[in-house]
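Q:
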Amino acid sequence: MLSEVEPMFSIEIRLRSDTAVAAALSLRYAREHGLTAQASAEVAVVVSELATNLVRHAGGRGWVELWREAEWLFIRSRDRGPGMEDPSRFFAGREGRPSPLPGESLGEGGAAVRRLTDDVQVANREGGGFEVLARKRVVVQAKKRRQG
145 MLSEVEPMFS IEIRLRSDTA VAAALSLRYA REHGLTAQAS AEVAVVVSEL
195 ATNLVRHAGG RGWVELWREA EWLFIRSRDR GPGMEDPSRF FAGREGRPSP
245 LPGESLGEGG AAVRRLTDDV QVANREGGGF EVLARKRVVV QAKKRRQG
């Protein structure tokens, strides 16, 4: 039997303000699709980090998408930016680099995405751009019964 695919949530990221909108909407999407409050907040952080990278490194030419398949919530960011010479550096943070200057990125977004999801893959896109695909397991909590 094929898994039933839920409708996909997609938001184009062009401006810095889009990152906050994407995070808030993804929090709601995650809650509506069965994630706990904590897991949904983690999804919002992941989306915020990915959206921020789209604005900073891809010139605001990208999308963040979420969808659910079976017990997984998928989070993908895609852009038309320059890609990365070594995509695995996405997870390295500021390793080997000096501390950021005021107003500069901490450079820890990729590491946060890895910590807050169950699996994440990164790759340069054919024809240009960069893609991050992460997934988070949906753990259904039993509802507490009221005594009374």
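Throughout, our numbering is defined as the position within the sequence shown, counted from one, plus 144. Don't be surprised by glycine CBs; every beta carbon is placed ideally from N, CA and C. Computed from a prediction, not measured in an experiment: that's the story for all the values here.
Can you check which of these residues, V276, E270, L194 and D262, is closest to R183 by C-alpha distance?
A: It should be pointed out that residue 183 corresponds to Ala in this sequence rather than to Arg. Selected option, being the one with the closest Cα: D262.
Q: How long is the line joining the alpha carbons of G178 and L171, rounded to whole angstroms?
A: Whole-angstrom Cα-Cα distance: 11 Å.
Q: Give me whichever residues DSSP pairs with F153 in a beta bridge.
A: Per DSSP, L210.
Q: Please go through the same chain and pick out, in chain order, the residues whose beta-carbon is closer than 8 Å to the beta-carbon of L169, but skip the five residues on each side of it.
A: Cβ within range, chain order: F153 and I155.
Q: Counting only the same chain and skipping the five closest in sequence on each side, list residues whose C-beta sits under 7 Å from that of Q265.
A: These residues qualify, in order along the chain: L277.
Q: Could you check the C-alpha separation between G227 and R158 for me, to the nearest Å?
A: Using only the alpha carbons, I get a separation of about 17 Å.
Q: Can you give, in chain order, each stretch of the beta strand (DSSP E) that sits fully within the region 156 to 214 and has at least 3 residues?
A: Correct list: 206 to 213.
Q: Apart from the five residues just before and just after G272, which ones in its own chain have a Cβ nearer than 8 Å to its Cβ?
A: Correct list, in chain order: R224, G225, P226 and G227.
Q: Between which two residues does the beta strand (DSSP E) holding A236 run?
A: Element bounds for A236: n/a, residue is neither H nor E.
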